[in-house]
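Here the structure is laid out as structure tokens; the discussion comes afterwards.
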Amino acid sequence: MFGRRSGGAFSDGVSRVAYSDADVAGRRYMIDLMRAAGLDPRVDPAGNIFGRRAGTDASLPPILFGSHIDSVPNGGNFDGDLGSLAAVSILEALAKANVRTRHPLEMVVWSAEESATFTGLNGSRIVAGDVKASDMDMVWSGMTRADAIRKIDGAPDRIMDAIRPHGAHHCYLELHIEQGGVLERQRIPVGVVEGIVSIDLYEVTVTGFGNHAGTTPMADRQDALLAASYLTIAVRQVVTSEPGPQVGTVGRLAVTPNSPNVIPGVVRLTIELRDLSPEKLARLTERIRLRAAEIARDTKTSIEFTTTSQRPPAIAAVEVQRAIERSAGRLGLTTQRMPSGAGHDAQMMARLSPMGMIFVPSVRGISHSPLELTHWDDCARGADVLLGVVLEMDRA
Ligand SMILES: [Zn+2]
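Each residue of the sequence shown is one higher than the one before, counting from 587 in the numbering used here.
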């Protein structure tokens, strides 16, 4: 409801972009819920909201769990909200039932998870230590990062105090919607995330020769777009040539001169590959490069690759994956292990402690859209599984 257009319905989704007035209102609502659950919410210098319930052994590190409440522009009602609301519900339920845990339990509402603003994973990235003081001068939408953080009651002047050391948590857990269609298609209520995928991004330049589209015979052409088209198809063929959930995308194409009567002389395109295994990505990239060399020869063009970025995977801890499977099993729910193709705050927290994520089905696999939907009983099942994992990890 915070960020829903005025007069809109649930099915209109929300635009609750980080640092907006809607985000501020949603954060205030979360803080009220946390107070009602008996917590004493605290905003850290990065604008993350934490709430902690003491354990019986104060020497133990906390079990941290939560998610985010910011959305993409014109986003859905579930991405991030599910994990944030489940976290506060769990702490409320434990308080009502008077259950004591050994470890302190701490929930978090991460600030600015979506990459709509400065860096993406803004709040968790800072807590994981990926920040320098000068980052506060970054500008987005006419606002410095310092001012944005001040707007959500953070303290940019003390930003380094938000960093937590390695081992700060017993583990980090996050319940999230799948944002893909695998669980729904297979009628499996619980996904056990094996990790957040590695992403390799390449910028490719195809150089041919821009020439007259009317007077250059077909046999004499050095058409960069034709070569880029073959390469786009080759990416798909290589990526689907071995089993597994790996994905590859040619997502951006810039054609020069991009004119109806000129044979394209230069095309710049991106190739993005995702998988949990960096070795598999390296192997696929090598095969795509070999295909590119063949295509260049056949089309009398040159094809050059530049590596733009290679993000390593964030692997979920095996003991947490097993705890999720046992928790689901106790509730009579089937599970499936799967990678997360999308980024999450959990990937930052994996740098500090064992991490695990629980996925629940997204109807028709739609996300980052007002049509995003997860059935309420699937939401509740996810929260129940999370509660079981919290209690099991507390004993571990
Ligand atoms: Zn999310």
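For each residue, glycine too, the CB sits at the ideal point set by N, CA and C.
- Check the Cα spacing between LEU862 and each of VAL694, PRO925, GLY794, LEU959: the tightest is with PRO925.
- By the neighbour-count criterion, in which a residue is buried when 16 or more other Cβ atoms sit within 10 angstroms of its Cβ, ASN844 is exposed.
- Using a C-beta cut-off of 8 angstroms, the segment 927-946 makes no contact with the segment 811-829, since fewer than three inter-stretch Cβ pairs fall below that distance.
- Comparing alpha-carbon positions, the option among TYR816, PRO850, VAL975 lying closest to ALA914 turns out to be VAL975.
- For TYR615, the number of other beta carbons within 10 angstroms of its own is below 16, and it is reported as exposed.
- Straight-line measurement puts the Cα of GLU780 at about 6 angstroms from the Cα of ARG923.
- Between ALA673 and ALA748, the beta carbon gap of about 19 angstroms keeps them out of contact (Cβ cut-off 8 angstroms).
- Between ligand 1 and the CB of ASP665, the shortest heavy atom gap is smaller than 8 angstroms.
- Using a cutoff of 8 angstroms, the CB of ALA928 counts as near ligand 1, since one of the ligand's heavy atoms is closer than that.
- Distance from ILE901 to VAL790 at the Cβ level is roughly 29 angstroms; contact not present, criterion being Cβ atoms closer than 8 angstroms.
- Checking the DSSP bridge columns, you'll see ALA900 partnered with ILE782.
- A distance below 8 angstroms between beta-carbons, with the five flanking residues on each side excluded, links TRP726 to the following residues of its chain, in chain order: THR703, PHE704, ALA734.
- Runs of the alpha helix (DSSP H) spanning 4 or more residues and lying entirely within the segment 602-658 occur at 607-622, in chain order.
- Note that the C-beta distance between VAL629 and ASP739 is below 9 angstroms.
- For the pair ASN663 and VAL600, the CB atoms are nearer than the 9 angstroms cut-off.
- GLU760 is the residue among GLU760, ALA840, SER701, GLY800 whose C-alpha sits nearest the C-alpha of GLY777.
- The beta carbon of ASP980 sits closer than 7 angstroms to the beta carbons of ILE649, THR687, ARG688, HIS689 from its chain, once the five residues preceding and following it are set aside; these are given in chain order.
- Non-local C-beta neighbours of ARG639 in its own chain, meaning closer than 6 angstroms and more than five positions away in sequence, comprise LEU677, LEU691, ordered along the chain.
- Not one heavy atom of ligand 1 sits closer than 8 angstroms to the Cβ of HIS752.
- Take the alpha-carbon of GLY652 and the one of VAL658: they are about 18 angstroms apart.
- With contacts defined by Cβ atoms closer than 9 angstroms, HIS654 and GLU699 form a contacting pair.
- Rounded to the nearest angstrom, the Cβ distance from HIS954 to ASP665 is 7 angstroms, consistent with a contact under 8 angstroms.
- By the criterion of at least three beta-carbon pairs nearer than 8 angstroms, the segment 767-774 is in contact with the segment 938-952.
- Taking 9 angstroms as the cut-off, the Cβ atoms of VAL685 and LEU917 do not count as close.
- SER939 counts as buried, since at least 16 other C-beta atoms from the protein chains shown sit within 10 angstroms of its C-beta.
- Only buried fits PRO899, as 16 or more other CB atoms lie within 10 angstroms of its CB.
- Cβ contact annotation for GLY641 (same chain, cutoff 6 angstroms, sequence separation greater than five): THR687, ARG688, HIS689, PRO690, in chain order.
- Contact annotation: ASN634 and VAL717 have beta-carbon atoms that are not nearer than 9 angstroms.
- Between ligand 1 and the CB of HIS755, the shortest heavy atom gap is not smaller than 8 angstroms.
- 9 angstroms or more divides the Cβ of MET722 from the Cβ of GLY637.
- Beta-bridge pairing by DSSP links CYS757 to ILE649.
- In the structure shown, the three-state DSSP call for PHE596 is helix.
- Apart from the 5 residues on each side of it in sequence, THR818 sits with its Cβ closer than 6 angstroms to the Cβ of VAL836 in its chain, given in chain order.
- As the crow flies, the alpha-carbon of ALA714 is around 21 angstroms from that of ILE944.
- Per DSSP, the continuous beta strand (DSSP E) segment holding VAL695 begins and ends at 691-696.
- Look at GLN765 here: in three-state DSSP terms it is coil, with no helix or strand label.
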